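Quick mapping for you: the protein sequence lines, in order, are chains A and B. Going by numbering that gives the first Met the number 0, the first residue of the first sequence is number 0, and it counts up by one from there. Going by numbering that gives the first Met the number 0, the first residue of the second sequence is number 0, and it counts up by one from there. For glycine and all other residues, C-beta sits at the position ideal for the given N, C-alpha and C. Note that this is a predicted model, so its numbers are computed, not measured. Scroll down for the structure; my scribbles are underneath it.
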Amino acid sequence: MTGHAGDGAPPSPLDPTDLLQLAADQVSADLSGETVILSMRDGVYYGLDAVGSAVWRRLAEPTPFAAVVAAVVAEFDVEEDRAARDLTALVRDLEARGLAVIRPGARE
Amino acid sequence: MYTLTDYLAMIADRRRTEAYVAAMRAVIRPGDVVVELGTGFGYFAVHAARLGAAHVYAIEPEDVVALGPAFAAANGVADRITFLTGFSTRVTLPARADVCIEDMRGASPLFTQRLPSLLDARARHLSAGARMIPARDRLQLTPAQAPSKLHEEERRIVDDAHGIRFDAVIAQARRGWRPVRARDARPLAPTATWAELDLARFTALSVDGTSEWVVETAGLLDGFVGSFEAELAPGITYATGPQAERMIYDASWFPLEQSIAVVPGDGIAVRMRAVHDGAEYVWAWDTTVTAGDGRFAPVRQKQNNLPDLLRSPERLLRRTATFVPPVTESLAVHRDALALADGTRSVGDIAARLVERHPARFADPRAALRWAADWLAGLEESGSP
Numbered sequence: 000m001t002g003h004a005g006d007g008a009p010p011s012p013l014d015p016t017d018l019l020q021l022a023a024d025q026v027s028a029d030l031s032g033e034t035v036i037l038s039m040r041d042g043v044y045y046g047l048d049a050v051g052s053a054v055w056r057r058l059a060e061p062t063p064f065a066a067v068v069a070a071v072v073a074e075f076d077v078e079e080d081r082a083a084r085d086l087t088a089l090v091r092d093l094e095a096r097g098l099a100v101i102r103p104g105a106r107e
Numbered sequence: 000m001y002t003l004t005d006y007l008a009m010i011a012d013r014r015r016t017e018a019y020v021a022a023m024r025a026v027i028r029p030g031d032v033v034v035e036l037g038t039g040f041g042y043f044a045v046h047a048a049r050l051g052a053a054h055v056y057a058i059e060p061e062d063v064v065a066l067g068p069a070f071a072a073a074n075g076v077a078d079r080i081t082f083l084t085g086f087s088t089r090v091t092l093p094a095r096a097d098v099c100i101e102d103m104r105g106a107s108p109l110f111t112q113r114l115p116s117l118l119d120a121r122a123r124h125l126s127a128g129a130r131m132i133p134a135r136d137r138l139q140l141t142p143a144q145a146p147s148k149l150h151e152e153e154r155r156i157v158d159d160a161h162g163i164r165f166d167a168v169i170a171q172a173r174r175g176w177r178p179v180r181a182r183d184a185r186p187l188a189p190t191a192t193w194a195e196l197d198l199a200r201f202t203a204l205s206v207d208g209t210s211e212w213v214v215e216t217a218g219l220l221d222g223f224v225g226s227f228e229a230e231l232a233p234g235i236t237y238a239t240g241p242q243a244e245r246m247i248y249d250a251s252w253f254p255l256e257q258s259i260a261v262v263p264g265d266g267i268a269v270r271m272r273a274v275h276d277g278a279e280y281v282w283a284w285d286t287t288v289t290a291g292d293g294r295f296a297p298v299r300q301k302q303n304n305l306p307d308l309l310r311s312p313e314r315l316l317r318r319t320a321t322f323v324p325p326v327t328e329s330l331a332v333h334r335d336a337l338a339l340a341d342g343t344r345s346v347g348d349i350a351a352r353l354v355e356r357h358p359a360r361f362a363d364p365r366a367a368l369r370w371a372a373d374w375l376a377g378l379e380e381s382g383s384p
C-alpha cells in the first residue's frame, strides 16, 4: 500500500471467518487497474496495486477472510500461506487507516 | 482569481447584495470590530463602517484591493477601514473581530479553501461568540432532467456520422460534475437539503449527508442539481436552486452514469459526500432509485470525481508522502531559478543565465524571461506556502 507506515510488528492474525468490508468513510476509484482511495478521516490519498485492488473490489460487500484469500490464490500465482500472510498485513493496514472494518466471524 | 469586473457583477446581483446589506443591518452593532474575508475593493466593508462599526479589517488577496482606500475615502469612512492585501490565513490582525462577513462560495459553499479559511479566522481573527454573515449554508440537491443543452451536446456527439463509438468517453464525462445554470434543468422532485453548515460551529472540512425524494414529475432522471440556500442572518435567506430566481452563482451538475426514466411515486435516495484533500474537494454521490410500482428492481449507482482529478496512478503517487521526486531537467531549471533569485539579480539576469544553462528548455531569452517572471510572481500567489 502506498504510504505504508509499518512499525515492524507482525499484524495480529485474522480468522478465516472474520468478515471484511470497506469502511463507509472513504471514496475510491479504479485507475487503469490500480485503486485510488481518499480517506474522509484525514483527507490523505492511498494507492493499491493490482493485487490490492482485487482485494478492495471484493470488500465492497462483507466477505469472509478465507474467501478473499481463496480469490487471490485463484487469480494470482501465489501459495495460500503467502497469500494469507500478505493479505493479513494489507487488511490490518486498511483497518488501521480507517479504510476497512473487520467483524469477528463465528470462530471455532 | 477574481477581477474588478467579477466583483462589479457580484454587486450588480441586487438580490445577493441587498440580502447581505440587510443582514449587516441586523447583525452589526455600533462599536463592533468587523472583519471581511475576500473584500474585493471593499463594498461590504464600507457598508459595515457606515452601520457604525468601530473598525473594519478588509482582507483580499487579489490586486483589486488596491482600489479600496480611495473607495473608502470617497464614501467618508477611510479612517475606519484597514485594507490588508493577501490571504486571511497569512495576515495577523491587531484586534479580534465581533463580526465576520464573507462570500467565498462561488458555485458551492464548499469552494476549495473557504472552510479552511473560516476555521483559521475563527481561531485567530474572531472573538469567542463572533457573529457570522452568513450564519448558515444549506447544501441542496434537486433530482432533475439535464438541461437540454447538455442533452443536445451529448446527442450530437453520440450520433457521430462516421460510425465511431463514444460509449467509454461519454461514461467518463458522466463521472465528473460540471457547472450548470440551475434553472436550465427540469426538476423531477423538490429541492432538498443534504447537509447544513453552521459557520460559527463546524469543525470538519469534509461533509457527508443524505437526501430522499418521492418523484413528483415524470421524466428522465439524468442527475442532480447541486445548489445552496444561504441564511445570512435569522430570516434573511436566498437560494440558488432550479426553483429560485437566477443569481450570479452557477450551480453544480452531478450526472448519473446511466439515466433512469422515473414516474410519480418512484423513490430516489442519495448519499452525498464532499471530502477535502487539503487543496480541493472530491465529490462522491451514491444514488438508489426504487420503482414505486415495482416495475424494476432498485437501481444503485456509485460515482465520484476522483478519476477526473487524478487522471492516472502516477499522479496519485505524487500526492503520497512516500513519493521520492526524481531529479529531472525541469526540476533543475526550477532549482537554478530559485538559487539565482538571491535578492541581487534582476529577472532579466536570471533569465539570461537560465538560457545559458538550459538551452534545450528555452527557445530564446525572451521565452526564459517570460517564464521566470511568471513563475517567480506565481510563488507569491494562491496555493503557495
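Beta-bridge partners of residue i, as assigned by DSSP
i	result
N303/B	A283/B
A28/A	V35/A
A160/B	Bridge partners of A160/B: none, in fact.
R270/B	T209/B, D285/B
W374/B	Beta-bridge pairing links W374/B to no other residue.
S251/B	P178/B, G225/B
T141/B	V224/B
G218/B	V261/B
E35/B	A57/B, I100/B
L21/A	A99/A
H275/B	Y280/B
A88/A	Per DSSP, none; premise fails for A88/A.
Best match in the options for proximity to residue i [C-alpha to C-alpha]
i	options	result
T4/B	E17/B, G225/B, D62/B, A22/B	D62/B
P10/A	W55/A, A105/A, L19/A, L89/A	L89/A
V206/B	D17/A, Q25/A, L21/A, T16/A	Q25/A
G234/B	A331/B, D12/B, M23/B	M23/B
T2/B	L50/B, A21/B, F43/B, V64/B	V64/B
I80/B	V281/B, G41/B, P324/B	G41/B
G75/B	V45/B, F82/B, G85/B, Y56/B	V45/B
D41/A	I247/B, G277/B, T192/B, Y19/B	G277/B
R130/B	A96/B, K148/B, P115/B, E153/B	A96/B
M271/B	V90/B, A320/B, E211/B, C99/B	E211/B
L36/B	A172/B, E59/B, R28/B	E59/B
V262/B	D292/B, Y248/B, A238/B	D292/B
F110/B	V274/B, A191/B, A21/B, T91/B	V274/B
F227/B	A53/B, A243/B, I10/B	A243/B
L260/B	R245/B, M246/B, Y280/B, R294/B	The amino acid occupying residue 260/B in the given sequence is Ala; Leu does not appear at that position. When each option's Cα is compared against that of A260/B, the closest is R294/B.
G222/B	R245/B, V288/B, A57/B, T239/B	V288/B
E279/B	A170/B, R360/B, P108/B, A338/B	P108/B
Backbone secondary structure at residue i - three-state DSSP
i	result
H3/A	Caution is warranted here: a pLDDT of 46 is assigned to H3/A, below 50, making its placement in the model unreliable, and no coordinate value can be reported.
Y19/B	helix
H333/B	helix
S116/B	helix
R365/B	helix
P68/B	helix
R40/A	coil
T62/A	strand
L93/A	helix
Cβ distance (whole Å) where residue i is taken to contact residue j below 8 Å
i	j	result
P186/B	I267/B	About 12 Å; that fails the 8 Å criterion.
L198/B	P133/B	6 Å
G46/A	L315/B	5 Å
A145/B	A106/B	Wrong, their Cβ atoms sit about 17 Å apart, outside the cutoff.
L196/B	P115/B	About 13 Å; that fails the 8 Å criterion.
D17/A	R102/A	7 Å
Range covered by the alpha helix (DSSP H) that runs through residue i
i	result
M131/B	Segment 125-132 is the beta strand (DSSP E) holding M131/B; no alpha helix (DSSP H) there.
I349/B	346-356
Q171/B	166-172
I10/B	3-11
V323/B	Neither: V323/B is in no alpha helix (DSSP H) and is coded neither H nor E.
A44/B	42-49
Any non-hydrogen atom of the ligand SAH closer than 7 Å to residue i Cβ
i	result
I10/B	Annotation note on the ligand SAH: not contained in the displayed structure, which lists no ligands.
Where the beta strand (DSSP E) containing residue i begins and where it ends
i	result
A191/B	191-197
G46/A	44-47
T202/B	Careful: T202/B lies outside any beta strand (DSSP E) and carries neither H nor E.
R79/B	No beta strand (DSSP E) holds R79/B; DSSP gives it neither H nor E.
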